[in-house]
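Notes follow once the structure below has been shown.
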Amino acid sequence: MYPIRQGPLNGGTRTFGTPKVKTCLNLHNSYSLDSKSDLSVRVILLLGNNFVYLIIYLLIIHLYYYIAARDGLPWNPSIYTSTLLQHLNARSVSAMRLLSFFKQIPEFNELNVQDRITLVKYNLMPLIILNCTLGYNTESQKIIEADSDAPWDSTILMKVHGHDIYMKIRKIFESFVRIAQYDQRIIQLALIILILTKGFSTSDGLTEPILNDGIAVYRAQNYYTELLWKYLETMHGYGKTVHIFNELVIHFISWQMLQGYLHRNLCNVLTPTEMNELLPIMKSLLHIP
Numbered sequence: 007m008y009p010i011r012q013g014p015l016n017g018g019t020r021t022f023g024t025p026k027v028k029t030c031l032n033l034h035n036s037y038s039l040d041s042k043s044d045l046s047v048r049v050i051l052l053l054g055n056n057f058v059y060l061i062i063y064l065l066i067i068h069l070y071y072y073i074a075a076r077d078g079l080p081w082n083p084s085i086y087t088s089t090l091l092q093h094l095n096a097r098s099v100s101a102m103r104l105l106s107f108f109k110q111i112p113e114f115n116e117l118n119v120q121d122r123i124t125l126v127k128y129n130l131m132p133l134i135i136l137n138c139t140l141g142y143n144t145e146s147q148k149i150i151e152a153d154s155d156a157p158w159d160s161t162i163l164m165k166v167h168g169h170d171i172y173m174k175i176r177k178i179f180e181s182f183v184r185i186a187q188y189d190q191r192i193i194q195l196a197l198i199i200l201i202l203t204k205g206f207s208t209s210d211g212l213t214e215p216i217l218n219d220g221i222a223v224y225r226a227q228n229y230y231t232e233l234l235w236k237y238l239e240t241m242h243g244y245g246k247t248v249h250i251f252n253e254l255v256i257h258f259i260s261w262q263m264l265q266g267y268l269h270r271n272l273c274n275v276l277t278p279t280e281m282n283e284l285l286p287i288m289k290s291l292l293h294i295p
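When you line the sequence shown up against the numbering used here, it's residues 7 to 295, in that order.
And the structure:
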């Protein structure tokens with residue numbers, strides 16, 4: 007179990023060999039900056055310290071994720087879902103928000119356009135579970151990405167996949183939740199690293215296209231992997247860094263192995279009519295013609 011760590015991104019202060027800087031962003035409520043400060047000015051002032059800049063940079067791009075425009079979303083996130091079809095279509099909002107997060111990453115945007123499409127199409131769905139840990143409330147045990155969203159009822163997973171598979175999913179999810187509670191920046195960086203992973207999908211019968219510029223993808227992934235390691239080592243020490251890295255790898259391999267079964271079972275459960283009524287983005291991410 008990881009102790010809960012209240013870092014500078016939760017409104018506190020932290021010294022990195024420079025004057026203390028107080029962050030005043032409220033991600034879940036007002037999405038506002040301190041009225042006395044300007045975001046761009048604050049970032050410029052912090053450019054002299056790489057690790058402080060890293061933290062502020064992560065906070066900025068995750069702010070964009072939380073305030074992604076609701077206009078044009080394929081599904082109204084305030085609607086409560088009761089059927090499997092509604093549940094799947096509701097996940098389109100999570101997918102679009104997560105995609106808006108990745109679009110803020112310069113190294114991702116600089117990749118070949120077709121390579122970006124391939125990475126999103128084959129990698130985004132498995133990452134939703136990891137992303138959900140950032141909006142998970144341990145007291146209510148509900149996932150709410152934004153205050154106006156209807157909570158996600160995870161019992162739909164039990165109805166579709168059965169009790170045993172549901173418990174496996176829950177065990178993996180709770181492992182990621184412990185890491186997110188310890189330090190959300192770890193999850194944010196892990197999301198970037200994993201979206202850049204070639205050959206990530208384990209679903210049967212899927213042939214993932216060869217990347218046009220695999221070297222560029224590898225370099226971008228390697229950059230953020232090194233960034234995560236340096237961040238962990240600086241903030242939490244070498245021993246904890248090794249432990250957390252191992253935890254991330256082990257739990258995501260477990261999740262990756264489960265993905266193949268979940269995809270096969272989902273395709274068997276959905277009726278032709280339901281498949282036809284899936285939103286286009288969900289058809290693409292679920293690889294349903």
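Think of the CB as a built atom: it goes at the ideal place given N, C-alpha and C, for glycine as much as any other residue.
Is it right to say residue i is buried, meaning 16 or more other beta carbons lie within 10 angstroms of its own, or is it exposed?
{"i": "MET102", "result": "buried"}
{"i": "GLU116", "result": "exposed"}
{"i": "ASN282", "result": "exposed"}
{"i": "HIS269", "result": "buried"}
{"i": "GLU151", "result": "buried"}
{"i": "THR277", "result": "exposed"}
{"i": "SER100", "result": "buried"}
{"i": "LEU104", "result": "buried"}
{"i": "ILE216", "result": "exposed"}
{"i": "ASN82", "result": "exposed"}
{"i": "ASN137", "result": "buried"}
{"i": "ILE287", "result": "buried"}
{"i": "ILE6", "result": "For residue 6 there is no data in the structure shown, the boundaries of the chain being 7 and 295."}
{"i": "ILE221", "result": "exposed"}
Using the DSSP secondary-structure output, state which residues sit across from residue i in a beta bridge.
{"i": "LYS148", "result": "ASN143"}
{"i": "TRP81", "result": "Answer by DSSP bridge pairing: none, since TRP81 is not bridged."}
Can you name the start and end residues of the alpha helix (DSSP H) that residue i belongs to?
{"i": "SER160", "result": "Taken as a continuous stretch (DSSP letters only), SER160 belongs to no alpha helix (DSSP H), as it is neither H nor E."}
{"i": "PRO278", "result": "278 to 283"}
{"i": "GLY266", "result": "244 to 275"}
{"i": "ASN118", "result": "That residue, ASN118, is in no alpha helix (DSSP H); it is neither H nor E in DSSP."}
{"i": "LYS289", "result": "286 to 291"}
{"i": "GLN190", "result": "190 to 201"}
{"i": "ALA101", "result": "90 to 108"}
Please report how far the alpha carbon of residue i lies from the alpha carbon of residue j, in whole angstroms.
{"i": "PRO191", "j": "PRO132", "result": "For clarity, residue 191 is Arg in the given sequence; the question names Pro instead. Cα to Cα, the separation comes out at about 19 Å."}
{"i": "ALA196", "j": "SER88", "result": "31 Å"}
{"i": "ALA186", "j": "ILE250", "result": "11 Å"}
{"i": "LEU65", "j": "THR161", "result": "32 Å"}
{"i": "LYS204", "j": "ASN274", "result": "27 Å"}
{"i": "GLN4", "j": "ALA156", "result": "Coverage of the chain is limited to positions 7 through 295, which leaves residue 4 absent and any answer about it impossible."}
{"i": "HIS169", "j": "TYR63", "result": "41 Å"}
{"i": "THR198", "j": "VAL223", "result": "Position check: residue 198 holds Ile in this sequence, whereas Thr was assumed. Cα to Cα, ILE198 sits roughly 11 Å from VAL223."}
{"i": "THR213", "j": "ILE294", "result": "14 Å"}
{"i": "GLU280", "j": "LEU292", "result": "13 Å"}
{"i": "SER98", "j": "TRP158", "result": "13 Å"}
{"i": "PHE206", "j": "ASN129", "result": "6 Å"}
{"i": "LEU200", "j": "GLN227", "result": "8 Å"}
{"i": "THR139", "j": "ASN252", "result": "18 Å"}
{"i": "LYS236", "j": "GLN265", "result": "30 Å"}
{"i": "LEU1", "j": "LEU90", "result": "Since the displayed the chain opens at 7 and closes at 295, residue 1 lies outside it and no answer follows."}
{"i": "VAL27", "j": "ASP153", "result": "Interpretation of VAL27 is limited by its pLDDT of 32, a score under 50 that renders its predicted location unreliable; no figure is taken from the coordinates."}
{"i": "LEU3", "j": "GLU239", "result": "Residue 3 lies beyond the residue range present for the chain, which begins at 7 and ends at 295; the question has no answer from this structure."}
{"i": "SER290", "j": "LYS127", "result": "7 Å"}
{"i": "ASN271", "j": "HIS257", "result": "21 Å"}
{"i": "TYR229", "j": "SER106", "result": "20 Å"}
{"i": "PHE108", "j": "LYS174", "result": "28 Å"}
{"i": "ILE149", "j": "LEU234", "result": "25 Å"}
{"i": "VAL248", "j": "GLN194", "result": "18 Å"}
For residue i, would you say it is in contact with chain B, using Cβ-to-Cβ distances shorter than 7 Å as the test?
{"i": "TYR86", "result": "Any reference to chain B falls outside this structure, which holds one protein chain only."}
Spell out a yes or no on whether the segment 117 to 132 and the segment 155 to 168 are touching, meaning 3 or more CB-CB pairs, one atom from each, closer than 8 Å. no
Pairs of beta-carbons, one from the segment 231 to 248 and one from the segment 133 to 145, closer than 8 Å: are there three or more? Fewer than three pairs of CB atoms, one per stretch, sit closer than 8 Å, so the segment 231 to 248 makes no contact with the segment 133 to 145.
Taking one C-beta from the segment 106 to 118 and one from the segment 170 to 188 each time, how about it: are there three or more such pairs within less than 8 Å? no
For the structure I just gave you, are there three or more beta carbon pairs, one from the segment 173 to 181 and one from the segment 261 to 276, closer than 8 Å? Two segments are said to touch when three or more pairs of C-beta atoms, one from each, lie closer than 8 Å; by this definition the segment 173 to 181 touches the segment 261 to 276.
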